[in-house]
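J.: Attaching a single structure in C-alpha cells format; questions to follow.
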Amino acid sequence: MSDTDIIKIINSEKAKKLLDESKRADGRDLLEYRNIEIQRGVMKSADGSAWVKLGDTEIIAGVKFAVGTPYTDSPDEGSIVINLEMSGIASADIGTGPPSLEAMEYGRVVDRVIRSSECIDFKDLNIVTGEKSFIIYVDCYTMNADGNLIDAAQYAAMAALLDTKIPKLDENNNIILKEYTDKKLNIDFDKIAVSFTFGKYKDKIIADTTEVEDLATEARFTLGVCKNDVVAYHKGGGKGTFKIEDINKIMDIATAKYLEIKNKICDKQ
Amino acid sequence: MSQNKRPDGRSLNELRPISIKLGVNKNADGSCFLEWGKNTVIATVNGPKPIFPKHLADPTKAVIDYKYRMASFSVTERKSPVPGKRDKEISLVSGHALEAAVMVEQFPNTVIDVNVLILSADAGTRVAALTAASLAAADAGLPMRGLISAVAAGRADGSLVLDLDKNDEDTKDAVDMACAFLMPQKELALLQMDGFVDKKDCSKILETALKGAEMVYEIQKKALIEKYPMEGDIQ
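These protein sequences, in sequence, are chains L and X.
The opening position of the first sequence corresponds to residue 1 in the working numbering, with each subsequent residue numbered one higher.
The opening position of the second sequence corresponds to residue 270 in the working numbering, with each subsequent residue numbered one higher.
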C-alpha cells in the first residue's frame, strides 16, 4: 500500500462522513453535476475529436476510420469499436501494463450506450456489400482521472463522432489519408444517447462522483438515456445493491437532465 | 406471439425448467451443477485462502475472484477458449454481485475463487452462472446474507417476457435485461441491459424479473434443503 493509497482512504472516510450529512467536499448537492466543458475538433490528425472536461476529469476522444470486412450477419453495414485508455497520464496510481479491468468495463459501457441508441447509420458505412465496409475506431484517452470516467468518456466519444468526417477512398477502396469527402458521419440527432452514472452510499443516490467519492460509495449504476427511453443499464462498482425504487428514481433524474447534457454534446461550434 | 405462448410452449411469465445438483465436484469446497433449459453450467467455489500476489489483498474484506468462462463448444460456432472482453466484464460485475451475498468482511486479506464454466449456452448464461455460483458458495459453507437469485427478463416479439431463450433473443425487438437479486432482501446486485425501452416498460421488466427471481430463489432453497436436510424453512 503506497502513500497515495493511504491518503485516498483517509479522504474517502472524510467523504463518507460528509455524505452521511448529505454534503460533499466541493459543496455540491447530491444530484448536482460539476461544470461540463466540451470542445469538438481539437485534434488535426484525427478524423473526428473532442475534449471533455467534467470538473477535474478530462478525456480526449479521437476517431479513426479503417476499412475492414463486414460481419456475416450484417454484410451491408459498417461497425464501431469504442475503447477507453487509462494510462499513467490519468493518475499517479495507474501503472504500466495491460489495460485494467475497470478501463475495459468503462469502455464497454460507453460502447453499449452509443451502440444501442442506434444513432449511427451503419448502412451508410457500407463500401462493397459483403466485402468491404468502414470500421469506426473511437479511442478515449483519460488525461486526468477524477471520477465519473464513464460519463465523461461517453460525452467525449459522442461529441467526437459528431465531429467526424468520412475519408475519401481510392479506386481499390482503400482510405486516402488526410483527404475527406464533404460528408459528415450520418448521425440521427433524435437518437443521441447520454449516459448517466450514479453512486450509491447507504440509501443515498449521488450524481457525478469524484474519484474520492467513487471510493466512498458502495456501488455504481449507469444508464443510457435517449429522451424518455432507456437504452442501457449497467450496475458495477462494488458489492452495494440497489432497490427497484432506486432504479425508478434514477430513471426519473436522468430523463429530466437528458436535454441539458445532450445540448452540450451537440452544441454548434 | 399466438395466445401469449412462446415458440417453446412457455407462457410469457414462465421460467425454463431448472435442475440443480450440489456438491458435484470432489476437489472443490463447494460446487453446483445447474441445468436451466438448454443452458448447462458448472460452478465451483474454493476458499477463503491466502491471496497471491500479496498486493491484491484487501485489508477490509476477502476478494472474490470470479471467473466466468464459456466452453469452446458451448455455442453454435466454436468460441475461442481465450477469455474475451465480454467474459472479463461479466466476471467482474458478477464477482461484485456475489460479494453482496457472501460476508466477505469476515475474511480480510484472503481470496475466494469462484469458477463458472458454461458448457452449453442458450441465452441467459450470466444469470444461470450467478445462480449456480451463489449455491456453490452456500455449499462451501461460506457465511452469507442471502442467495443471489438471478434471472433475465425483457421484451420479445412485442411482449414483456421472463427468462428469454435464444428464440426470444433472436426476435427483432428483443431486449434482454439480466438481473441478479440478493434474496430474500430483494435488492439488485447486478443489472445489465441494452436496447431501446421506454421508462414504464423498464419498471415493468424489473418487476417481472423480481417475480422470476422469487421463483428461482424457491428452487435454490429446495436444492439446498435436499442436500442439507433440515427442519423448517430457510429464511
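For every residue, glycine included, the Cβ atom is placed at its ideal position computed from N, Cα and C.
Grab me the residues of F233(X)'s own chain with a C-beta within less than 6 Å of its C-beta, minus the 5 sequence neighbours each way, in chain order.
T.: Past the boundaries of the shown model lies residue 233(X); chain X is included only from 270 to 504, so the question cannot be answered.
J.: Would you mind reading off the limits of the beta strand (DSSP E) that contains M158(L)?
T.: Segment L149 to L162 is the alpha helix (DSSP H) holding M158(L); no beta strand (DSSP E) there.
J.: Hey, would you say V273(X) sits closer than 8 Å to S403(X), going by beta carbons?
T.: For clarity, residue 273(X) is Asn in the given sequence; the question names Val instead. No.
J.: Within 10 angstroms of the Cβ of V351(X), are there 16 or more other Cβ atoms? Answer buried if so, exposed if not.
T.: V351(X) should be labelled exposed.
J.: With 8 Å as the limit, tell me which residues of the region 460-493 of chain X have their beta carbon closer than that to any beta carbon of chain L; keep them in chain order.
T.: Correct list: L460, Q461, M462, D463, G464, F465, V466, D467, K468, C471, S472, L475, E476 and L479.
J.: Which one of I417(X), A297(X) and N384(X) has the shortest CA to CA distance from M452(X)?
T.: Looking at the Cα atoms, I417(X) is the closest of the given residues.
J.: With the cut-off set at 8 Å, would you say V138(L) and I187(L) are in Cβ contact?
T.: Taking 8 Å as the Cβ cut-off, V138(L) and I187(L) do not qualify as a contacting pair.
J.: Taking contact to mean at least 3 C-beta pairs separated by less than 8 Å, is the region 80-95 of chain L in contact with the region 172-189 of chain L?
T.: The region 80-95 of chain L is not in contact with the region 172-189 of chain L.
J.: Let me know the secondary structure DSSP gives S271(X) once reduced to three states.
T.: Residue confidence for S271(X) is low, a pLDDT of 49 falling below 50, so the modelled location carries little weight and cannot support an answer.
J.: Against chain L, does A458(X) count as a neighbour if the rule is that its beta carbon must be under 8 Å from one of theirs?
T.: Yes, contact with chain L.
J.: Can you give me the C-alpha to C-alpha distance between M270(X) and V430(X), rounded to a whole angstrom?
T.: With a pLDDT of 49 at M270(X), under the threshold of 50, the predicted position of this residue should be treated as unreliable, though the coordinate-derived value follows. Rounded to the nearest angstrom, the two C-alpha atoms are 11 Å apart.
J.: Pull up the CB-CB distance for I244(L) and L479(X), whole angstroms please, since I reckon it's below 8 Å.
T.: Confirmed, Cβ separation roughly 7 Å.
J.: When every heavy atom of the ligand HEM is checked, does at least one fall within less than 7 Å of the C-beta of C226(L)?
T.: Of the ligands one can find in the structure shown there are none, so the ligand HEM has no counterpart to examine.
J.: Would you check if the distance between the CB atom of S49(L) and the CB atom of A66(L) is smaller than 8 Å?
T.: No, Cβ-Cβ distance for S49(L) and A66(L) is not below 8 Å.
J.: What residues from chain X crowd round R40(L), counting only those whose CB sits closer than 9 Å?
T.: Going along chain X, no residue has its Cβ under 9 Å from R40(L), so there is no contact; the nearest lies around 26 Å.
J.: Please state whether the Cβ-Cβ distance between M339(X) and I387(X) is less than 8 Å.
T.: Yes. Within cutoff.
J.: Looking at F198(L): is its Cβ nearer than 8 Å to the Cβ of F221(L)?
T.: Yes, Cβ-Cβ distance for F198(L) and F221(L) is below 8 Å.
J.: Runs of 3 residues minimum, wholly inside the region 78-144 of chain L: which ones carry the beta strand (DSSP E) assignment?
T.: The qualifying runs are 79-85, 126-128 and 132-144.
J.: What residues from the region 354-367 of chain X come within 7 Å of chain L, judged by C-beta to C-beta, listed N to C?
T.: Of all residues in the region 354-367 of chain X, K354, K357, E358, L361, V362 and H365 have a Cβ within less than 7 Å of some Cβ in chain L.
J.: For N126(L) versus G78(L), is the C-beta distance shorter than 8 Å?
T.: Yes, the Cβ-Cβ distance between N126(L) and G78(L) is below 8 Å.
J.: What is the DSSP secondary structure of Q489(X), counted as helix, strand or coil?
T.: Helix, per DSSP.
J.: Just list the beta strand (DSSP E) runs in the region 207-235 of chain L, keeping only unbroken ones of 3 residues or longer that don't cross its boundaries, in chain order.
T.: Counting only runs of 3 or more, we get 219-226.
J.: Given a cut-off of 8 Å, decide if V230(L) and K468(X) are closer than it, judged by their beta-carbon atoms.
T.: The answer is yes: Cβ separation under 8 Å.
J.: Just how far apart, CA to CA, sit Y71(L) and I494(X)?
T.: Their backbone Cα atoms lie some 48 Å apart in a straight line.
J.: Could you run through the region 234-245 of chain L and flag, in chain order, every residue whose CB is less than 9 Å away from some CB of chain X?
T.: If the cut-off is 9 Å between Cβ atoms, the region 234-245 of chain L has H234, K235, G236, G237, G238, K239, G240, T241, F242, K243 and I244 near chain X.
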